[in-house]
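Written out below as structure tokens is the structure these notes cover.
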Amino acid sequence: MRNLVRHHIETGIWFLAAAIIWLASWFFGRQQPITLGATAVFAIVGARHFLRARQKRNADDAKF
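Here this note's numbering = 1-based position in the sequence shown + 87.
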């Protein structure tokens with residue numbers, strides 16, 4: 088259960104980082120391809136954490 092909570096926290100951090108990068112680039116008016124690429128990388132890593140946590144939760148549910 089602690090691993091599941093940890094994965095959800097990590098997922099939130101990755102998505103929050105992606106949102107901060109996106110908002111900062113929008114605020115400063117410099118939406119360069121590298122900024123958009125960095126946002127995409129952070130969002131993809133966050134999605135991978137989310138999917139991994141969901142797979143672990145489903146595996147734990149299958150045990151019972």
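Idealized CB from N, CA, C, for every residue including glycine.
- Within the model, the alpha-carbon separation for L110 versus F137 is close to 22 Å.
- For the pair I100 and I108, the Cα-to-Cα distance works out to about 12 Å.
- Between A127 and T98, the C-beta gap is not smaller than 9 Å, which leaves the two residues out of contact.
- In this structure, G133 and A105 form a Cβ contact; the two beta carbons are roughly 6 Å apart against a cut-off of 8 Å.
- Secondary structure of G116 (DSSP, three-state): coil.
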